[in-house]
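**Student:**
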Amino acid sequence: MDENVSYPFIDTSSFDLIVVGTGLPESVIASAASAAGKSVLHLDANPFYGSHFSSLPLDSFTSFLQSQQNIPQKEYSSSIENYSQSDCVVVGLESRCLYSNFEISSHVSPESLEPSRKFSLDISGPRVLFCADPAVDLLLKSGASHHIEFKSIDASFIYTGDGRLLAVPDSRAAIFKDRSLGLTEKNQLMRFFKLVQEHFESVAADGDRKEEKRRISEEDLESPFIEFLNKQRLPPKIKSIILYAIVMADCDQDHPEISENLVKTKDGIEKLALYHSSVGRLANASGAFIYPIYGQGELPQAFCRCAAVKGALYVLRMPVTALLLDKESSHYKGVRLASGQEMFFHHLVVDPSYVVPSSSILSLTVDLQQKSAHGSSLAVVKGKVARAICVTRGSVKPDLSNLLLVFPPRSLNSKQVKSIRALQLGSNLAVCPSGLFLLYLSTVCDDAIQGKESLHAAMDALFTPVSEDNDSTSVVSKDMEGQTKPSLLWSAMYIQEMAMGSSDTISFCCMPDGNLDYCDLLKSTVELFREMYPMEELFPQTTAEKIEDDGDSLD
Amino acid sequence: MATIGNNNLNAKLVLLGDMGAGKSSLVLRFVKGQFLEFQESTIGAAFFSQTLAVNDATVKFEIWDTAGQERYHSLAPMYYRGAAAAIIVYDITSMESFTRAKKWVQELQKQGNPNMVMALAGNKADLEDKRKVTAEEARTYAEENGLFFMETSAKTAINVNDIFYEIAKRLPRAQPAQNPAGMVLVDRPAERSRSAACCS
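So the protein sequences, as listed, match chains Z and F.
Note that our numbering gives residue 6 to position 6 of the first sequence, counting from 1, and the numbers run on in steps of one.
Note that our numbering gives residue 713 to position 158 of the second sequence, counting from 1, and the numbers run on in steps of one.
1) Does residue 575(F) have its Cβ less than 8 angstroms from a Cβ in chain Z?
2) Which residue's Cα is closest to the Cα of residue 113(Z): 158(Z), 508(Z), 431(Z) and 502(Z)?
3) For the beta strand (DSSP E) that contains residue 528(Z), what are its first and last residues?
4) Among 342(Z), 489(Z), 289(Z) and 37(Z), which residue has its Cα nearest to the Cα of residue 13(Z)?
5) Establish whether the CB of residue 315(Z) and some CB of chain F are separated by less than 8 angstroms.
6) Could you compute how far the alpha carbon of residue 23(Z) sits from the alpha carbon of residue 50(Z)?
7) Of the choices 258(Z), 420(Z) and 106(Z), whose alpha-carbon is the least far from that of residue 224(Z)?
8) Is the shortest distance between the beta-carbon of residue 725(F) and the beta-carbons of chain Z less than 8 angstroms?
9) Would you call the CB atoms of residue 162(Z) and residue 275(Z) closer than 8 angstroms?
10) What are the start and end residues of the beta strand (DSSP E) that includes residue 268(Z)?
11) Alpha carbon to alpha carbon, how far is residue 278(Z) from residue 617(F)? Give it in angstroms, no decimals.
12) Check whether the segment 528–535 of chain Z touches the segment 125–135 of chain Z, counting contact only when three or more Cβ pairs, one atom from each stretch, lie closer than 8 angstroms.
13) For chain Z, check one thing: does any of its Cβ atoms lie closer than 8 angstroms to the Cβ of residue 622(F)?
14) Closer than 8 angstroms, CB to CB, is residue 301(Z) near chain F or not?
15) Out of 594(F), 670(F), 570(F) and 575(F), which one is the CA nearest neighbour of residue 602(F)?
16) Locate the beta strand (DSSP E) running through residue 16(Z), then write down its first and last residues.
17) Please name the residue or residues paired with residue 496(Z) in a DSSP beta bridge.
18) Express the C-alpha separation of residue 47(Z) and residue 59(Z) in angstroms, rounding to a whole number.
19) Does DSSP put residue 328(Z) in a helix, a strand or coil?
20) Are any of the Cβ atoms in chain F nearer than 8 angstroms to that of residue 145(Z)?
21) Looking only at its chain, what residues have a beta carbon closer than 8 angstroms to the beta carbon of residue 120(Z), apart from the 5 residues adjacent to it on each side?
22) Near residue 285(Z), which residues of its chain fall below 6 angstroms by C-beta distance, leaving aside the five closest residues on each side in sequence?
23) How is residue 88(Z) classed by DSSP in three states: helix, strand or coil?
24) Mapping the DSSP letters down to three states, classify residue 707(F) as helix, strand or coil.
25) Mind pulling the chain F residues with CB within less than 7 angstroms of residue 49(Z)?
26) Excluding the 5 residues preceding and the 5 following residue 222(Z) in the sequence, name in chain order all residues of the same chain whose CB lies nearer than 8 angstroms to its CB.
27) With DSSP as the reference, label residue 415(Z) as helix, strand or coil.
28) With which residues is residue 677(F) paired in a DSSP beta bridge?
29) Rounded to whole angstroms, what's the CA-CA distance from residue 557(Z) to residue 123(Z)? Just pull it up for me.
30) Alpha carbon to alpha carbon, how far is residue 180(Z) from residue 397(Z)?
31) Quick one: Cα of residue 654(F) to Cα of residue 511(Z), how far?
32) Tell me the rounded alpha-carbon separation between residue 216(Z) and residue 196(Z).
33) With a 10 Å radius around its C-beta and 16 neighbouring C-beta atoms as the bar for buried, classify residue 346(Z) as buried or exposed.
34) Please classify residue 541(Z) as buried or exposed, where buried requires at least 16 other C-beta atoms within 10 Å of its C-beta.
35) Counting only runs that start and end within the segment 572–652 of chain F, where is the beta strand (DSSP E) found for 3 or more residues in a row?
36) Would you say residue 423(Z) and residue 168(Z) are within 8 angstroms of each other, going by their C-beta atoms?
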């Protein structure tokens, strides 16, 4: 809360684990390690929690992305100095650029988007939790769920080539109520869902001979899901719904650029089962998805609070400038903070936006300085994701506020080769002022220009820009069906690199991926924890029970 | 946020103040009737709850302690969210802790909800001979800033229950929730197996 830049002195200087960055993966690790009794120091250079997973007020969001784009190539000294007093070598730590092509278009005066803090914008949107997601289990197990309230996403839609939004019939009840499907289509879809259900029932009833014939064959499981759907003679509309709005495939399954992009049947039905077990899993959630009130930035905060309750030490606004390499063992054993203070660890976990010269390449010889300039260890970058946030007046579906929207590949134009997923959120999630809506869009892309063009096409299909000389409230334009399109007040678009997690002498967490959910992110985070602490249980049962309460249930 | 149902009010209460001012001790005295001379910095609970009967209603406090995150000014916005009440604690034997308490009040005015009931607690009132902050000074400050003021002692229990009762009395009774309540995840026993739940 003080504005001064003087860094605090930290009393303790040796920890079992030092975590740099407070993104969701780092926060889960910090909280799991604290729950396992490890001493943890958790640092972040930013004045806020969440790193790449935070939700920020409008002005902070803009300045964060601008600052991320302008990271100087050498923010900290990357030179390697001999550390006179001890047995350590100081290795400079650098930040790298994981965001690019940041652009903002504002169609209204800045005052009409005040106050800025009424907005809570996710940096890694769109993202939701499946109710049966491992994320929900992790929240419950860790006790982090006590700090967050959620709301259900009301409905999902799929964009059809002709500009309409079709409701996704994702459960038996939804199929029954659906008015866009014919009776034959309803039966086909119902039969297909039943087939998948029986397959899993049969797998669950392992060993029972009678059940075996109801199983999907091994051969089918390994073959592309699209072939399996074709075999079931499902019509194109139904296939598209299953592939892109339920299984959430990124690439065009009919015309894949490379066959690697094809979803296998076993993965497809796995996702379908996750979707179906999500519907109705939580008492108050009507659909398959939930979203945290105040934004997804609440998730890392909740895990950090759990860690703090278990004794982890938290220091925001504290950059790490260098690593300390032990001469003898060639292992990193400490970090140097911006305050100049040095802290020592057994394990180090860092945010993927840092670049660390690899200790394995370093030999303590004269040529080490040259080598460090190129041979560096960092989280591996794998692909890009284009993201956009729109502030709109009016919902894309007038009677609904929180909804999910999928544009299958090539539904907008032939250049749109990957699925685009969009999430609209209203003010009842406390993420924007009342009367306004946020709409997040993302698409995985190989090329920044292509990714951004696709997102622009989606935005054009959904919104009317507010023209400057017009009173924004009076602008109403209608689409082909005569429905009013919401007006677009403000938008931001950027490209984010998808760095994977890795672990060597130092563990890197992963960047937000291109998925809609947290499944893969948390899976790799849990793996990272197990590698670091193979003997420790992840959030042993007692941790969740220690909440002091006088016996009443929380809701 | 304070929510009502059948004359029962649920209210989140947050504690703020410098490390060592006695925040955790106040809570432990109030909730468990305990006092430890050397209370550890963190108390290992996400929050405590305690129910009070005030006039015709009961108020169930959900009391959040800082878990040490205030130490390096790293409290998360989550901490303030939806808080219906706050107790800002300082140590009467430390002028610095009083100065810091004023900063916490500013922070709350910036981050918290405007209808929040705020109490200023001058703790360690049993240490009269070491007093550095006069009750007068603190009372004047509190009045000017819309807080109510009490001197407390977690050690002797003076005014500890009183400050919580006073807050309970002042909580607005019929307050429309600022943000619509969402759901808290509850671990529901799986009455059906996960994978077999497909449109059953």
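Glycine included, each C-beta is placed from N, C-alpha and C at the ideal position.
**Tutor:** On the basis of the supplied data:
1) Along the second sequence, read from residue 1 onward, the residue named residue 575(F) stands at position 20. No, residue 575(F) lies away from the interface with chain Z (no Cβ there is under 8 angstroms from its Cβ).
2) The residue labelled residue 113(Z) in the question sits at position 113 within the first sequence. Per the Cα distances, 431(Z).
3) Translated into the one-based positions of the first sequence, residue 528(Z) becomes position 528. Segment 519–532 is the alpha helix (DSSP H) holding residue 528(Z); no beta strand (DSSP E) there.
4) Counted from its first residue, the first sequence places residue 13(Z) at position 13. Out of 342(Z), 489(Z), 289(Z) and 37(Z), 342(Z) has the C-alpha closest to the C-alpha of residue 13(Z).
5) By 1-based counting over the first sequence, the position of residue 315(Z) is 315. True, the Cβ-Cβ gap to chain F drops below 8 angstroms.
6) Taking the first residue of the first sequence as position 1, residue 23(Z) is located at position 23. Taking the first residue of the first sequence as position 1, residue 50(Z) is located at position 50. If you draw a straight line from the Cα of residue 23(Z) to the Cα of residue 50(Z), it is about 4 angstroms long.
7) For the purposes of this step, residue 224(Z) is taken as the residue at position 224 of the first sequence. Closest option to residue 224(Z), Cα to Cα, is 258(Z).
8) Sequence index remark: in the second sequence, residue 725(F) carries index 170 (1-based). Taking Cβ atoms only, chain Z never reaches closer than 8 angstroms to residue 725(F), which makes this a no.
9) To locate residue 162(Z), count along the first sequence from 1; it is residue 162. To locate residue 275(Z), count along the first sequence from 1; it is residue 275. Not in contact: residue 162(Z) and residue 275(Z) (Cβ atoms no closer than 8 angstroms).
10) As a position in the first sequence, residue 268(Z) is number 268, starting the count at 1. From DSSP, residue 268(Z) is part of no beta strand (DSSP E) but of the alpha helix (DSSP H) over 265–278.
11) Along the second sequence, read from residue 1 onward, the residue named residue 617(F) stands at position 62. Along the first sequence, read from residue 1 onward, the residue named residue 278(Z) stands at position 278. About 30 angstroms.
12) Touching, no.
13) Walking along the second sequence from the start, residue 622(F) turns up at place 67. Closer than 8 angstroms to some Cβ of chain Z, the Cβ of residue 622(F) qualifies, so yes.
14) Residue 301(Z) sits at position 301 when you count from the first residue of the first sequence. Closer than 8 angstroms to some Cβ of chain F, the Cβ of residue 301(Z) qualifies, so yes.
15) To locate residue 602(F), count along the second sequence from 1; it is residue 47. If we check each option's Cα against that of residue 602(F), 570(F) comes out closest.
16) As a working note, residue 16(Z) is residue 16 in the first sequence. Counted as a single uninterrupted DSSP element, the beta strand (DSSP E) harbouring residue 16(Z) occupies residues 14–20.
17) Locating residue 496(Z) in the first sequence gives position 496, counting from the first residue. In the DSSP output, where bridge partners are listed per residue, residue 496(Z) has 99(Z) and 385(Z).
18) Here residue 59(Z) refers to the residue found at position 59 when the first sequence is read from its first residue. Here residue 47(Z) refers to the residue found at position 47 when the first sequence is read from its first residue. So the alpha carbons of these two residues sit roughly 14 angstroms apart.
19) Translated into the one-based positions of the first sequence, residue 328(Z) becomes position 328. Assignment of residue 328(Z) by DSSP, reduced to helix, strand and coil, places it in the coil class.
20) To locate residue 145(Z), count along the first sequence from 1; it is residue 145. Chain F contact via Cβ: present.
21) Taking the first sequence and counting its residues from 1, one reaches residue 120(Z) at position 120. Excluding positions up to five away in sequence, the list reads 55, 56, 57, 294, 295, 297, 430, 431 and 432.
22) In the first sequence, residue 285(Z) corresponds to position 285, counting from 1. So the list reads 131 and 152, once near-sequence residues are dropped.
23) Taking the first residue of the first sequence as position 1, residue 88(Z) is located at position 88. Correct three-state label for residue 88(Z): strand.
24) Working through the second sequence from its first residue, we reach residue 707(F) at position 152. In the structure shown, residue 707(F) sits in coil (DSSP, three-state: anything other than H, G, I, E or B).
25) As a position in the first sequence, residue 49(Z) is number 49, starting the count at 1. Near residue 49(Z) (Cβ distances below 7 angstroms), the residues of chain F are 631.
26) Here residue 222(Z) refers to the residue found at position 222 when the first sequence is read from its first residue. Answer for residue 222(Z): 264, 265 and 266, listed in chain order.
27) The sequence position of residue 415(Z) within the first sequence is 415, counting from 1. Three-state result, residue 415(Z): coil.
28) Counting from 1 along the second sequence, the entry for residue 677(F) is found at position 122. 645(F) and 706(F), per the DSSP bridge assignment.
29) Outside the shown range of chain Z (1 to 555) lies residue 557(Z), about which nothing can therefore be said.
30) On the first sequence, residue 180(Z) is found 180 positions in, with the first residue counted as 1. On the first sequence, residue 397(Z) is found 397 positions in, with the first residue counted as 1. Rounded to the nearest angstrom, the two C-alpha atoms are 16 angstroms apart.
31) Position 99 of the second sequence, counting from 1, holds the residue named residue 654(F). Position 511 of the first sequence, counting from 1, holds the residue named residue 511(Z). In a straight line, the C-alpha of residue 654(F) is about 41 angstroms away from that of residue 511(Z).
32) In the first sequence, counting from the first residue as 1, residue 216(Z) sits at position 216. In the first sequence, counting from the first residue as 1, residue 196(Z) sits at position 196. Cα-Cα distance, rounded: 8 angstroms.
33) As a first step, residue 346(Z) is located in the first sequence; it is residue number 346 there, counting from the start. Per the 10 Å Cβ criterion, exposed.
34) Counting from 1 along the first sequence, the entry for residue 541(Z) is found at position 541. By the 10 Å Cβ count, residue 541(Z) comes out exposed.
35) 602–609, 612–619 and 640–646
36) Mapped onto the first sequence, residue 423(Z) falls at position 423. Mapped onto the first sequence, residue 168(Z) falls at position 168. Not closer than 8 angstroms, so no.
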